[in-house]
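The structure appears right after this line, and notes come after that.
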Amino acid sequence: PRETSSQAYAPREGDEVEDLTLLLNDVLSAHPDVQAVSCGAILSNYQRLRVENVCARLGLKVLAFMWMQEQPVLLQQMIDAGLDARIAKVASMGLSRKHVGK
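For the sequence shown, my numbering assigns the number 0 to the initial residue and increments by one for each residue that follows.
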């Protein structure tokens with residue numbers, strides 16, 4: 000299993016974070032005016048730190064508007080805005096394949 004409690008990220012060839020780096024390099028090549036990346040992390044330091052690391056290496060800013068916001072407030076804002084959200088993949092305890100697409 001991968002360590003997920005680390006408060007730091009060290010690049011490792013072949014991991015998904017490096018895939019993100021390659022993708023954003025392609026985006027920057029095609030759209031050199033891009034200045035920032037929006038990150039949907041709310042409470043996950045694991046996710047936020049990895050996006051921040053990639054962006055720092057590429058000279059991009061991180062936009063994390065939902066970071067540390069109250070989850071009930073965010074949920075209500077999404078409902079009020081008419082967000083139509085679907086589960087695309089299940090990778091956590093408590094959810095199973097039957098939840099995909101709902």
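Even glycine gets a Cβ: it sits at the ideal position worked out from N, Cα and C.
Original post:
Applying the criterion that 16 or more other CB atoms from any shown protein chain within 10 Å of the CB defines a buried residue, is residue 47 buried or exposed?
Top reply: So residue 47 ends up on the buried side.
Subject >> Cβ neighbours of residue 89 in the same chain (closer than 8 Å, five flanking residues each side left out) >> reply: Contacts found: 95, 96, 98 and 99.
**OP:** Drop a sphere of 10 angstroms on the beta-carbon of residue 51, count the other beta-carbons inside from all chains shown, and report buried for 16 or more, exposed for fewer.
**Re:** buried
Original post:
Just curious, the beta strand (DSSP E) that residue 35 is in, first and last residue?
Top reply: 35 to 37
**OP:** Could you round the C-beta distance between residue 41 and residue 66 to whole angstroms and report it? I think they count as a contact, below 8 Å.
**Re:** 7 Å
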